[in-house]
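Asker: Could you have a look at this structure, given as structure tokens, before my questions?
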Amino acid sequence: MANVILRPSLLPVLGALAAAAVAAAFGVAALGIVVPVAVFEWPHEEQRIPVAELLCVCAAMAGAWANRPRLWVWERLGGARTRVRAAAVAAVGVALPVAAGSAVLAASPPAENTWLLVTNVLLATSAVYLLAPLVGAVPSGLAVLAGIFLGAAACNMAPGLNRVSPYAYAGSDGWVAPDLLPGGAVPALAVGAAVAALGVHAVTRGSTSRVHRRGEEAG
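Sequential numbering of the sequence shown, starting at 584, is according to the working numbering.
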């Protein structure tokens with residue numbers, strides 16, 4: 584059993600699992616801590632980003648980096664098997680931070696629209712894995728984090744924008760639901776992003792040739 588656990592091929596996945604566990608642990612420790620974003624003061628509403636959500640995005644970025652293809656030149660010749668494996672890696676990489684976010688949610692006090700934390704994490708981590716094969720794991724994670732903060736700034740500057748934003752930001756009593764979107768649109772979009780991430784991983788086998796070459800040049 585020990586030999587199975589310590590197999591080198593499993594170490595990247597274990598690294599992703601460790602990143603998700605750390606995100607959950609720090610997320611629980613950071614319950615109630617938010618990053619306020621307010622470009623304009625009242626009457627413009629301050630947008631709040633829970634630290635737990637940002638930690639889950641960081642865990643996804645770490646997981647995408649840990650599980651990036653190391654032998655892509657050979658793996659691209661592997662046929663359907665390598666495509667399925669790449670999609671499975673993306674599925675695990677998305678699921679682990681979502682599980683970490685759910686663990687944080689279970690330990691948090693009651694609040695409004697708490698389900699939006701799960702859809703936020705699913706949407707953001709799916710975006711990380713969607714972009715990772717195209718631009719690299721770290722740039723994709725940083726781009727998603729930047730997008731979250733830019734979205735918060737936009738929602739602050741344009742009152743009412745958060746009512747149509749699929750990524751929900753927190754208010755004083757919980758998450759502000761995008762009530763102008765059709766019912767079920769946010770979960771559908773989050774699941775669609777996850778499916779797209781799996782599809783991109785399957786098509787590219789986890790990386791494009793340009794990203795792979797850039798990684799080799801960086802050492």
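Glycine residues also receive a C-beta, built at the ideal position from the N, C-alpha and C atoms.
#1: Round the Cβ separation of ALA776 and LEU679 to the nearest angstrom and send it over; I've been treating them as touching at under 8 Å.
#2: When DSSP labels each residue in this structure, what does ILE632 get in the three-state scheme?
#3: Suppose contacts are defined by Cβ-Cβ distances below 7 Å. Is TYR752 in contact with ARG631 by that definition?
#4: My output table needs one value for ALA753: the three-state DSSP class, helix, strand or coil.
#5: What residues in its chain sit with their C-beta under 7 Å from that of THR702, if we drop five residues either side in the sequence?
#6: In three-state terms, what does DSSP make of PRO716?
#7: Quick one, are the C-beta atoms of GLY757 and ASN696 less than 7 Å apart?
#8: For the alpha helix (DSSP H) that contains VAL806, what are its first and last residues?
#9: Under 8 Å by Cβ, that's how I've got PRO716 and VAL794 pegged, so tell me the actual separation to the nearest angstrom.
#10: Just to confirm, is the Cβ distance from SER709 to ALA635 under 7 Å?
#11: Any idea if ALA585 is buried or exposed, counting beta-carbon neighbours within 10 angstroms, 16 or more meaning buried?
#12: Measure the C-alpha to C-alpha separation of SER790 and LEU728 and round it to an integer number of angstroms.
Answerer: In short, the structure shows the following:
#1: At roughly 16 Å, the Cβ-Cβ gap does not stay under 8 Å, so ALA776 and LEU679 are not in contact.
#2: strand
#3: yes
#4: strand
#5: VAL769, PRO770, ALA773
#6: helix
#7: yes
#8: Summary: the structure shown does not reach residue 806, with the chain confined to residues 584 through 802, and so no result is reported for it.
#9: 7 Å
#10: no
#11: With a pLDDT of 39 at ALA585, under the threshold of 50, the modelled position of this residue cannot be trusted, and the question is left open.
#12: 21 Å
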